[in-house]
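Peer 1: Chains A and B, in that order, give the protein sequences.
Taking our numbering, the leading residue of the first sequence gets 154, the next gets one more, and so forth.
Taking our numbering, the leading residue of the second sequence gets 43, the next gets one more, and so forth.
Where is the CB? At the ideal position from N, CA and C, for every residue including glycine.
Because the structure is a prediction, the values reported are computed rather than measured.
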Amino acid sequence: TQLLEQSPQFLSIQEGENLTVYCNSSSVFSSLQWYRQEPGEGPVLLVTVVTGGEVKKLKRLTFQFGDARKDSSLHITAAQPGDTGLYLCAGPTLRFGGSNYKLTFGKGTLLTVNP
Amino acid sequence: EPEVTQTPSHQVTQMGQEVILRCVPISNHLYFYWYRQILGQKVEFLVSFYNNEISEKSEIFDDQFSVERPDGSNFTLKIRSTKLEDSAMYFCASTGFPVAEQYFGPGTRLTVT
């Protein structure tokens, strides 16, 4: 079973601060997805990282995929209250002989940005 | 922008009753999924569906669960005899290509009393 560990579990910061959250596994993934989830809502896809060492930017969010494709990080610059939410990483696994993936999720990092 | 929709947003049912959760995936997607999230826990895979048949199912997806694509747009999850422990948020997801990028609906909160 492939597991994804996310850290920290909770993070509370002030508006304007920078932060990094992590997603780690002992398994290699073909890609990793980052989602953001608001309370009572579904996960919203932010980005997919595919290539080892890849860096993707989405405005103030920077996503990095580890060289060995076992870990990923999300860095937020100058956090704003609107960034508050649960950040989830998810890795796809493909059953042998299968044609579609299932996602394994981490528990998430609950980020609170205080004004 | 196309999105996955789910109905109802909240369903309350008594233990032992049947429920059907409905989803309309993104129109040109071919792969469909159900996940659930018990309060405070991880999002867990239940089942994947492609070409009108189940591709893979988890240990959670026992004989009480079934999925169907009754027409060209809807994708349903049926729980035949609900248990208290079935209380959770149920998310439908769909994907086109790349097949690993799944788009989730807003969820149905199922409460079994």
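Below 8 Å, can you find three or more Cβ-Cβ pairs linking the region 47-55 of chain B to the region 173-192 of chain A?
Peer 2: With a cut-off of 8 Å, the region 173-192 of chain A and the region 47-55 of chain B do not count as touching, because too few Cβ pairs lie within range.
Peer 1: Got a sec: is the Cβ-Cβ distance from Ser90(B) to anything in chain A below 8 Å?
Peer 2: So yes, Ser90(B) belongs to the interface.
Peer 1: Given this structure, state the Cα-to-Cα distance separating Ser69(B) from Gln144(B), to the nearest angstrom.
Peer 2: The straight-line gap from Cα to Cα measures roughly 14 Å.
Peer 1: Name the DSSP bridge partner or partners of Asn177(A)?
Peer 2: Bridge partners of Asn177(A): Glu158(A) and Asp224(A).
Peer 1: Quick check: the Cα distance between Thr118(B) and Gly169(A), rounded to an integer number of angstroms?
Peer 2: The straight-line gap from Cα to Cα measures roughly 44 Å.
Peer 1: Quick one: give me the first and last residue of the beta strand (DSSP E) that His52(B) is part of.
Peer 2: His52(B) -> beta strand (DSSP E) spans His52 to Thr55.
Peer 1: Let me check understanding here. Comparing Cα to Cα, which of Ser136(B), Asp105(B), Glu43(B) and Thr155(B) lies closest to Asn93(B)?
Peer 2: Looking at the Cα atoms, Ser136(B) is the closest of the given residues.
Peer 1: Using DSSP's beta-bridge definition, name the partner residues of Gln48(B).
Peer 2: Per DSSP, Cys65(B).
Peer 1: Please determine if the region 52-68 of chain B and the region 212-230 of chain A are in contact, where contact requires at least 3 C-beta pairs separated by less than 8 Å.
Peer 2: At 8 Å Cβ cutoff, the stretches do not touch.
Peer 1: I want to verify the contact list: residues of chain A whose CB lies under 8 Å from the CB of Pro148(B), in sequence order.
Peer 2: Residues of chain A passing the Cβ test: Glu194 and Gly195.
Peer 1: Give me the residue from Val203(A), Gln167(A), Thr173(A) and Leu239(A) with the minimum Cα distance to Lys223(A).
Peer 2: Of Val203(A), Gln167(A), Thr173(A) and Leu239(A), the residue nearest in Cα terms is Val203(A).
Peer 1: If we ignore side chains and look at the alpha-carbon of each, how far apart do Asp220(A) and Thr265(A) end up?
Peer 2: For Asp220(A) and Thr265(A), the distance between alpha carbons rounds to 29 Å.
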